[in-house]
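Read through the structure below, which is laid out as C-alpha cells, and then see the notes.
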Amino acid sequence: MLKNIKRIMITNDDGVKADGIIRLAKAVKSYGEVWVVAPDVQKSGASHSINLHTPISVSEVEFPVEGVKAFSVSGSPADCVRIGVLNLLPKKPDLVFSGINFGYNAGTDVMYSGTIGAAMEAVFQGIPSIALSEGTNEGYIITDLWLDKILSEVIGMRHGTDNIVNINFPTCKPEELKGILRNRFVSKSCIYKDTYICNTLPDGTKTYMINGEYQENAEDGSDLKALFDKYISIGTVNNIG
Numbered sequence: 005m006l007k008n009i010k011r012i013m014i015t016n017d018d019g020v021k022a023d024g025i026i027r028l029a030k031a032v033k034s035y036g037e038v039w040v041v042a043p044d045v046q047k048s049g050a051s052h053s054i055n056l057h058t059p060i061s062v063s064e065v066e067f068p069v070e071g072v073k074a075f076s077v078s079g080s081p082a083d084c085v086r087i088g089v090l091n092l093l094p095k096k097p098d099l100v101f102s103g104i105n106f107g108y109n110a111g112t113d114v115m116y117s118g119t120i121g122a123a124m125e126a127v128f129q130g131i132p133s134i135a136l137s138e139g140t141n142e143g144y145i146i147t148d149l150w151l152d153k154i155l156s157e158v159i160g161m162r163h164g165t166d167n168i169v170n171i172n173f174p175t176c177k178p179e180e181l182k183g184i185l186r187n188r189f190v191s192k193s194c195i196y197k198d199t200y201i202c203n204t205l206p207d208g209t210k211t212y213m214i215n216g217e218y219q220e221n222a223e224d225g226s227d228l229k230a231l232f233d234k235y236i237s238i239g240t241v242n243n244i245g
C-alpha cells in the first residue's frame with residue numbers, strides 16, 4: 005500500500021493540452037504535489053518506444069490547473085516518463101499516472117498503447133504506475149462520475165514494480181452502468197479487427213490506410229468483456245521486462 009504520497013507525475017499519449025490529462029490533474033491534486041510531463045502532440049500508438057537518435061525538446065508550459073507545473077516534450081510518452089523522472093522533477097515521484105486516454109486501452113490494444121507504454125516505463129524506473137482510459141463518444145460521463153472513487157481505491161492498493169494497474173471506464177449512460185469489475189485479465193481479443201485500404205497514386209505509389217471493423221467478442225473475466233457489458237474494468241498488465 006502506498007503511504008505518504010508527496011509527489012505525483014502525470015503523463016499521457018494524447019498531448020499535454022488534452023482534456024483527459026487536465027481532468028486527471030484536477031482529480032489527483034488532493035493526493036500530493038502534481039507534475040505533468042506529456043507529449044507536445046498526439047502520440048497514440050507509440051507503445052513503449054523511446055527516442056535514441058535525435059534530441060528531445062522540452063518546454064515548460066502553462067497548465068490550466070492551479071499549482072501544477074507542466075512540461076511539453078517532443079518525444080514519446082515513455083520519453084516523457086524517463087525525462088521527467090531522471091531530469092525534470094526535483095525528486096523521484098511516488099506515483100505515476102498515465103491518462104486519461106481518449107479511447108479504451110484493453111485487450112491486444114495494450115501492446116500498441118502509448119498510455120500503457122508510459123505507465124510501463126514508470127515501473128521500469130521503480131515507480132508504481134496507474135493507467136486510465138475511457139471510451140470515446142462521451143466516455144467522459146462515467147469517468148467523471150466515478151473517478152474520485154476509483155482513485156481512492158487504486159491509490160490504496162498494494163503496488164509493486166512487476167505490473168501496472170490498468171483502469172478503463174465504459175461509454176454508457178449512468179443508469180446503464182452495472183458496476184465495477186476488478187482483477188480483470190487482458191483479453192486476447194481486440195476492439196477493432198484491422199485491415200488496410202490500398203490507394204494507388206498517379207505515379208504508381210501505393211498508400212495504405214488502416215481500417216478497423218468494430219467487434220465485441222471477448223473472454224469472460226477479461227477487461228474487454230467488462231467494458232462491452234458496461235462495467236468499469238480494473239486489472240493489471242504485467243511488466244514483461
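Read in order, the letters of the sequence shown are residues 5 to 245 in this note's numbering.
Beta carbons are placed, not taken as given, at the ideal position from N, Cα and C, and that holds for glycine.
Using only alpha-carbon positions, find the residue among the options that is nearest to residue i.
| i | options | result |
| --- | --- | --- |
| I146 | L99, A230, P178 | P178 |
| Q46 | P68, V38, G79 | G79 |
| I154 | I171, K73, I131 | I171 |
| S102 | L90, P94, G118 | G118 |
| G107 | S51, V85, F173, V158 | F173 |
| L149 | E217, E180, I120 | E180 |
| K21 | E64, H57, D207 | E64 |
| C194 | Y116, I87, N16 | Y116 |
| L151 | A29, P81, D44, T165 | A29 |
| Y247 | A123, P206, V114 | Coverage of the chain is limited to positions 5 through 245, which leaves residue 247 absent and any answer about it impossible. |
| H52 | M124, D166, E157 | M124 |
Under 7 Å Cβ to Cβ from residue i, same chain only, skipping five residues before and after it: list those, please.
| i | result |
| --- | --- |
| F232 | E220, A222 |
| G245 | Annotation note: pLDDT 46 at G245 (below 50); position unreliable, no value reported. |
| D83 | I54, N55, I60, V77 |
Taking 8 Å as the limit between beta carbons, can you name the residues of its chain near residue i, skipping five residues before and five after?
| i | result |
| --- | --- |
| G183 | Y235, I236 |
| S191 | A110, G111, T112, A222, E223, S226, D227, L228, K229 |
| N141 | T175 |
| K33 | V69, G71, V72 |
Rounding to the nearest angstrom, what Cα-Cα distance links residue i and residue j in this structure?
| i | j | result |
| --- | --- | --- |
| T240 | F67 | 30 Å |
| G49 | M161 | 28 Å |
| F71 | G143 | First, the amino acid is wrong: residue 71 is Gly here, not Phe. If I take the Cα positions, the gap works out to 27 Å. |
| I9 | N242 | 23 Å |
| F75 | G36 | 18 Å |
| N215 | K95 | 43 Å |
| A42 | N91 | 14 Å |
| K210 | I201 | 10 Å |
| G139 | T58 | 34 Å |
| I26 | A135 | 15 Å |
| V38 | Y218 | 37 Å |
| R11 | R188 | 28 Å |
| D23 | G208 | 41 Å |
| I238 | V169 | 7 Å |
| D166 | V40 | 24 Å |
| S156 | G164 | 17 Å |
Tell me whether residue i is buried or exposed, calling it buried when 16 or more other Cβ atoms sit within 10 Å of its Cβ.
| i | result |
| --- | --- |
| D198 | exposed |
| T204 | exposed |
| P97 | buried |
| M5 | For M5, the pLDDT reaches just 48, beneath the cut-off of 50, and the residue's location in the model is therefore unreliable, although a value from the coordinates is still provided. So M5 ends up on the exposed side. |
| L186 | It should be pointed out that residue 186 corresponds to Arg in this sequence rather than to Leu. Exposed, because fewer than 16 other Cβ atoms sit within 10 Å of the Cβ of R186. |
| G88 | buried |
| S137 | buried |
| D44 | buried |
Excluding the five sequence neighbours on either side, which residues of its own chain have a C-beta within less than 6 Å of the C-beta of residue i, listed in chain order?
| i | result |
| --- | --- |
| V100 | M13, A126, I131, S133 |
| C122 | First, the residue type needs correcting, since residue 122 is Ala and not Cys in the sequence shown. Closer than 6 Å at Cβ, skipping near neighbours: T15, P81, A82, V85, S102. |
| G19 | P43, V45, Q46 |
| Y212 | Y200, C202 |
Curious, which full-length alpha helix (DSSP H) runs of at least 4 residues does the region 154-222 contain?
none
Segments of 3+ residues assigned as beta strand (DSSP E) that fall wholly inside the region 56-96:
As far as the region 56-96 is concerned, its whole beta strand (DSSP E) runs of at least 3 residues are 62-65, 73-77.
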